[in-house]
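Visitor: Quick one: this structure, given as structure tokens, is what I'll be asking you about.
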Amino acid sequence: MAYDDDASKTPRNDSLVGNLKGYLDTRIDLVRLEVQEKVKLAFVGTVHGAAMGLIGLMFLIFLSIFAGLALNEAFDSSFWGFGAVAGFYLVLLIIFLVGVDKKLFQGLADKLLNNTIYKSDKRQA
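Residue numbers (this note's numbering): 39 to 163.
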């Protein structure tokens with residue numbers, strides 16, 4: 039018994055294969071759009087964080103200069119105010135190096151970033 043190839047390609051099989059191909063194409067497009075959206079959100083978050091960090095750093099620099107100049111006036115000196123500000127940052131550095139454990143920051147990061155990838159997923163039940 040030989041099978042006839044023409045008999046196996048009925049209109050019903052052709053439409054089923056066409057529907058399956060259409061479904062797969064649509065699913066691939068959906069995955070591409072989801073990836074594109076997540077990349078866009080990551081990019082925007084990164085740029086926003088970098089901008090906020092730069093602005094915060096500039097604020098800290100100018101605040102430190104202001105504090106140094108104000109302490110120079112208080113100490114009636116041209117350099118002891120900046121030395122006091124530098125000493126404050128040195129003490130802060132020593133506290134972070136010796137006293138603050140990385141687990142504190144890991145716990146904070148875990149609380150802030152817990153399941154952030156899945157919160158925007160609308161397909162969850």
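Even for Gly, the Cβ is constructed at its ideal location relative to N, Cα and C.
Predicted, not measured: the structure shown is a model, and the values here were computed from it.
1. Is Val82 near Ser102, with beta carbons less than 9 Å apart?
2. Just to check my reading of the structure: Gly119 and Phe113 have Cβ atoms closer than 8 Å, yes? What is that Cβ distance to the nearest angstrom?
3. In this structure, how does DSSP classify Thr48 when only helix, strand and coil are distinguished?
4. Please state whether DSSP places Phe104 in a helix, a strand or coil.
5. Once you ignore the five residues that flank Lys147 on each side, which residues in its own chain have a CB closer than 8 Å to its CB?
6. Can you tell me whether DSSP reads Phe117 as helix, strand or coil?
7. Take Ala80 and list the residues in its own chain whose beta-carbon comes closer than 8 Å to its own, dropping the five residues that flank it on each side.
Guide: Considering the structure as presented:
1. Your numbering for residue 82 matches position 44 in the sequence shown. Your numbering for residue 102 matches position 64 in the sequence shown. No, Cβ-Cβ distance for Val82 and Ser102 is not below 9 Å.
2. Indexing the sequence shown from 1 puts residue 119 at position 81. Indexing the sequence shown from 1 puts residue 113 at position 75. About 6 Å separates the two Cβ atoms, so the contact holds.
3. As a first step, residue 48 is located in the sequence shown; it is residue number 10 there, counting from the start. Coil at Thr48, not helix or strand.
4. Within the sequence shown, numbered from 1, the residue matching residue 104 stands at position 66. Three-state result, Phe104: helix.
5. Working through the sequence shown from its first residue, we reach residue 147 at position 109. Reading off the sequence shown, one finds Ala at residue 147, where the question assumed Lys. None.
6. Counted from its first residue, the sequence shown places residue 117 at position 79. Correct three-state label for Phe117: coil.
7. Along the sequence shown, read from residue 1 onward, the residue named residue 80 stands at position 42. Excluding residues within five positions, none has a Cβ falling inside 8 Å.
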